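Residue numbers (the working numbering), protein chains in the order written: chain A, 1 to 114; chain B, 1001 to 1113.
From the three backbone atoms N, C-alpha and C, an ideal C-beta is built for every residue, glycine too.
Since this is a predicted model, take the numbers as computed values, not measurements.
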């Protein structure tokens, strides 16, 4: 049963456009994450966020930014997409910022940049 | 920095044979290791986790033991099933990154009849 929801499932756009992806979790977790899964299936953290702190992976380009309205939502905005941004973006959530907790993943948003 | 190494990119085997996927890690901090499984067109899901040295952890027929002396957390199953065909990731929890996961490169397991 899905508890981490992502929209849209797919998005095709052109270089230079702005895109925004949504993520919502209904698990009551206090921490959310965005990961990027590239065409080689490499899975890499982009952002970690709870209501107190945002941690940005140093390799993430500045055109990417997370946006949160409350602890159940963490959206991802890409200001001006590049071809290398084509990937699957996975949202995840967990309970307990400093703990040893399972992360629950959403189904992902597949971005294709033409 | 912290890292996870999975040496096999693809493992192909026949149903009923044992499976072993290698995972080694490097970390300067406390050690929380995970195995996640991702079936085709699905989200990754937790398979196993451990933070206790030399203790076997089991779930859904799979097992793994964290060995801090060798920095390893290999995944095993005694008899593969067709439904085990999937992408398996070993991951390390990053205490400096809000407990984000540092993933290995993944191992694709393909089980045939």
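Query raised in the report: What do you get for residue 1081 of chain B, buried or exposed, if any count of 16 or more other CB atoms within 10 angstroms of its CB means buried?
Result: exposed
Query raised in the report: For the segment 12-32 of chain A, which residues have a beta carbon sitting closer than 7 Å to at least one beta carbon of chain B?
Result: 31
Query raised in the report: Going by Cα to Cα distance, which pick from A:17, A:43 and A:29 is closest to residue 1105 of chain B?
Result: A:43
Query raised in the report: From residue 1005 of chain B to residue 1094 of chain B, what does the alpha carbon distance come to, in whole angstroms?
Result: 15 Å
Query raised in the report: How would you call residue 29 of chain A, buried or exposed, if buried means at least 16 neighbouring beta carbons within 10 angstroms?
Result: buried
Query raised in the report: With a CB to CB cut of under 6 Å and the five nearest residues on each side skipped, what residues in its chain are close to residue 22 of chain A?
Result: 7 and 75
Query - chain A within 8 Å of residue 1105 of chain B, Cβ atoms only - result: yes
Query raised in the report: So what's residue 152 of chain A in DSSP terms, helix, strand or just coil?
Result: Residue 152 of chain A falls outside the range modelled here, since chain A spans only 1 to 114, and no answer is possible.
Requested in this report: Return yes when the Cβ of residue 1033 of chain B is within less than 8 Å of the Cβ of residue 1075 of chain B, no when it is not.
Outcome: no
Report task. Report the three-state DSSP secondary structure of residue 25 of chain A (helix, strand or coil). Result -> strand
Requested in this report: Determine the burial state of residue 1020 of chain B: buried for a count of at least 16 other Cβ atoms within 10 Å of its Cβ, exposed for fewer.
Outcome: exposed
**Report entry** Extent of the continuous beta strand (DSSP E) run through residue 1059 of chain B
**Finding:** 1056-1059
Query - Minimum Cβ-Cβ distance from residue 64 of chain A to chain B less than 8 Å - result: no
**Report entry** Nearest neighbour of residue 1010 of chain B, chosen from B:1045, B:1029 and B:1086 [CA to CA]
**Finding:** B:1086
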